[in-house]
Amino acid sequence: MIKVHTKNLVTTITLDRGEKRNAMLPSMLVDFEAAVRGISEDTKAVVVLGAGKVFCAGFDLKVCAADETGETMRALLTGLSSCVVAMRECVVPVVLGVHGCAIAGGCAMLGGADVVVADRGAKLGYPVVKIGVSPAVSAAFLMSAVPAGAGRALMLDPGLIDGVRCFELGLVHELVEGAGDVKGRAMEMAGVLAGKPGVGVRATKGLLNELTEGVAGRAGEGLGVSLSRVGSDEEREMLGELWG
Amino acid sequence: MSELALLRTEGRIATLTMNRGEARNSMSLGLLEAMHSRVDELADTDCSVLVLTGAGKSFCAGMDLKAVVIEVSGDASLGEKLLTSLAELTMKIRSLPMVTVASVNGAAIGGGCGLSCVCDVTVSHKDAKVGFPEVDLGLCPAVIAPWVVAKMGAGRARMAMLMGGIMSGTRGHELGLIDYLAADREGLESLTTEIAERLASGGPKALAATKDLLNVIDGTVDPAMVLRGAKLSAGVLGTAEAQAVLMARLG
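For the record, the sequence lines run as chains A and B.
Residue numbers for the first sequence follow my numbering, so the first one is 1 and each next one is one higher.
Residue numbers for the second sequence follow my numbering, so the first one is 1 and each next one is one higher.
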């Protein structure tokens with residue numbers, strides 16, 4: 001469910017479950033993290049994309065609802081947190097392209113990227129409170145990317161916002177007209193990054209990580225809050241209503 | 001030789017001008033030392049607003065490349081001296097009790113753009129060229145990074161400093177690097193005056209107390225971090241890769 005391809009010093013990691021809108025499964029996230037942590041030494045930039053019609057619709061809730069124990073949901077939350085931290089800790093810049101939508105867990109992935117490209121009409125947000133789950137796992141990263149007031153509204157409101165609004169808030173850095181333009185622009189930006197002298201880029205990313213070290217540090221705290229809601233009556237009932 | 005930094009005061013508004021227009025106000029040791037002296041002199045005034053700007057067409061083109069290419073300057077320690085002086089200048093400007101306004105009249109590149117981020121308010125125009133091309137030259141903008149993060153927010157600063165390159169004033173305004181944007185270079189002067197006068201209408205003590213609190217809340221701007229940035233930046237600057245790129249740039 002994860003495809004990795006390296007060409008011209010750029011490693012592209014693709015969520016490859018297009019027929020299910022790249023809905024996340026635990027094994028997919030394990031493979032994604034391994035791909036990010038396993039990039040070759042001569043890679044100078046990483047691109048993260050989704051195959052098919054959209055970037056990612058979030059967790060596979062059908063599979064979560066079918067698992068009475070809540071273990072699938074827990075594994076997804078833990079895996080998601082690890083993926084975001086892995087992108088942040090990756091020594092080279094990570095460019096992420098959102099086409100169509102990045103919802104819930106899909107939107108959380110933006111937190112780890114250094115550069116985010118999206119189409120103007122893409123739908124983004126964290127509607128997980130609707131199924132009794134807390135998006136806290138994303139809070140530390142989101143709050144460092146956008147002003148605190150806007151971040152608060154985005155975490156608590158289950159509504160979605162579009163690419164244009166995300167650009168205004170700073171969650172998206174580069175807008176393209178249509179969903180079909182995202183991949184090309186993301187690859188182009190990665191190419192620009194890969195063309196720069198490597199020492200300065202790595203030092204700069206390392207320094208930025210140091211300046212915002214509290215962010216990855218607090219990821220565990222947010223994960224804990226998200227995990228605490230899994231298996232609650234509220235979650236079982238709301239998730240069941242949606243998928244039962 | 002003319003003064004490399006000029007200080008003029010009028011009522012409660014002081015204007016500090018980088019005056020090395022023939023070299024796009026790039027930061028030589030002389031320019032930085034002159035800036036330190038003029039900023040120190042501000043203590044003797046009762047100004048509550050400081051406008052920082054550049055003489056001629058540019059605001060500040062960043063580090064003087066001739067001074068940081070060892071083969072040209074013949075002094076391997078000059079780069080670190082410059083970076084340390086810039087680091088100390090940024091902290092000195094940030095801790096001024098007066099409100100600081102960067103009037104970005106033209107190119108504000110690398111350290112020059114960083115200097116504008118140290119100021120409380122940034123005013124510029126659509127065609128100004130701003131940005132952080134350090135990574136394009138194999139360098140790391142470590143001295144100014146904490147100020148850029150504080151100005152733009154961590155997410156946008158990350159993107160801007162890693163992507164490098166130079167952007168228009170319009171794009172800088174969209175990304176939060178510039179607070180107020182004039183339509184063109186001609187309009188900048190009156191916009192700067194308008195904003196400086198509006199700021200100067202505030203109570204000097206209320207402004208100073210507010211700024212002081214904002215500096216405390218900006219936990220990212222730790223003097224030790226800025227000074228360590230000078231060391232890190234100098235380390236990257238000294239690498240063969242960076243020196244080769246810079247040398248090629250000087251042609």
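Built from N, CA and C at the ideal position, the CB exists for glycine as well.
Item                                                                                                                                                                                   : Value
Taking one C-beta from the region 86-103 of chain B and one from the region 49-66 of chain B each time, how about it: are there three or more such pairs within less than 8 angstroms? : yes
Tell me, please, whether the CB atom of B/Gly172 is closer than 7 angstroms to any CB atom in chain A?                                                                                 : no
On the criterion of 16 or more Cβ atoms from any shown chain inside 10 Å, does B/Asp120 qualify as buried, or is it exposed?                                                           : buried
Going by DSSP, what residue range makes up the beta strand (DSSP E) through B/Ser201?                                                                                                  : Premise fails: B/Ser201 is in no beta strand (DSSP E) and is neither H nor E.
Scan the region 139-156 of chain B for residues whose Cβ lies nearer than 9 angstroms to a Cβ of chain A and list them as they occur along the chain.                                  : Leu139, Cys140, Pro141, Ala142, Ala145, Pro146, Val149, Met152, Gly153, Ala154, Gly155 and Arg156
If you measure between the beta carbons of A/Asn22 and A/Cys56, is that distance less than 7 angstroms?                                                                                : yes
Taking 7 angstroms as the CB-CB limit, is B/Asp136 close to chain A?                                                                                                                   : yes
How would you write the range of the alpha helix (DSSP H) that A/Lys53 sits in, first residue to last?                                                                                 : Element bounds for A/Lys53: n/a, residue is neither H nor E.
Using 8 angstroms for Cβ pairs, my map puts A/Val47 next to A/Met187. What's the rounded Cβ distance?                                                                                  : 6 angstroms
Which residues in chain B have a C-beta closer than 8 angstroms to the C-beta of A/Asp114? List them in chain order.                                                                   : Arg158, Met159 and Leu162
Roughly how many whole angstroms lie between the Cα atoms of B/Leu7 and A/Lys196?                                                                                                      : 39 angstroms
For B/Thr239 and A/Val91, which I take to be in contact (beta-carbon distance under 8 angstroms), what is that distance rounded to the nearest angstrom?                               : Actually they are not in contact, since the Cβ atoms of B/Thr239 and A/Val91 sit about 16 angstroms apart, beyond 8 angstroms.
Using the DSSP secondary-structure output, state which residues sit across from A/Tyr126 in a beta bridge.                                                                             : Its beta-bridge partners do not exist; DSSP assigns none.
Which of the three DSSP states is assigned to B/Val263 in this structure?                                                                                                              : The structure shown does not extend to residue 263 of chain B, since chain B is modelled only from 1 to 251, so the question has no answer here.
Report yes or no: is there a C-beta of chain A within less than 7 angstroms of the C-beta of B/Thr90?                                                                                  : no
Does DSSP put A/Asp16 in a helix, in a strand, or in coil?                                                                                                                             : coil
Applying the 10 Å Cβ sphere with the 16-neighbour rule, what's the burial state of A/Ala190?                                                                                           : buried
Check this for me: beta carbons of A/Val230 and A/His173, under 7 angstroms apart or not?                                                                                              : no
Alpha carbon to alpha carbon, how far is B/Met18 from A/Glu210? Give it in angstroms, no decimals.                                                                                     : 32 angstroms
List the DSSP bridge partners of B/Leu52.                                                                                                                                              : B/Leu16 and B/Ala102
May I ask which residues mark the beginning and end of the alpha helix (DSSP H) holding B/Thr45?                                                                                       : Taken as a continuous stretch (DSSP letters only), B/Thr45 belongs to no alpha helix (DSSP H), as it is neither H nor E.
I need the straight-line Cα distance from A/Gly163 to A/Leu156, nearest angstrom please.                                                                                               : 19 angstroms
Of all the residues that make up the region 230-248 of chain B, which are near chain A by a beta-carbon distance shorter than 7 angstroms?                                             : Leu232, Val236, Thr239, Glu241, Ala242 and Val245
Just how far apart, CA to CA, sit A/Arg185 and A/Ala122?                                                                                                                               : 15 angstroms
In the DSSP assignment, the alpha helix (DSSP H) including A/Asp233 goes from what residue to what residue?                                                                            : Asp233 to Trp243
Report yes or no: is there a C-beta of chain B within less than 7 angstroms of the C-beta of A/Thr212?                                                                                 : yes
When burial is assigned at 16 or more other CB atoms within 10 Å of the CB, is B/Ser233 buried or exposed?                                                                             : buried
Would you grab the beta carbon distance between A/Phe141 and A/Gly111 for me? Rounded to a whole angstrom, and I think it's under 8 angstroms.                                         : 3 angstroms
Does the beta-carbon distance from B/Trp147 to B/Cys117 come in below 7 angstroms?                                                                                                     : yes
Any C-beta of chain B sitting closer than 7 angstroms to the C-beta of A/Lys62?                                                                                                        : no
Taking the beta strand (DSSP E) that A/Lys3 belongs to, which residues open and close that run?                                                                                        : Ile2 to Lys7
What's the C-alpha gap between B/Leu31 and A/Arg202?                                                                                                                                   : 30 angstroms
DSSP puts A/Phe59 in a beta bridge; with which residues?                                                                                                                               : A/Met24
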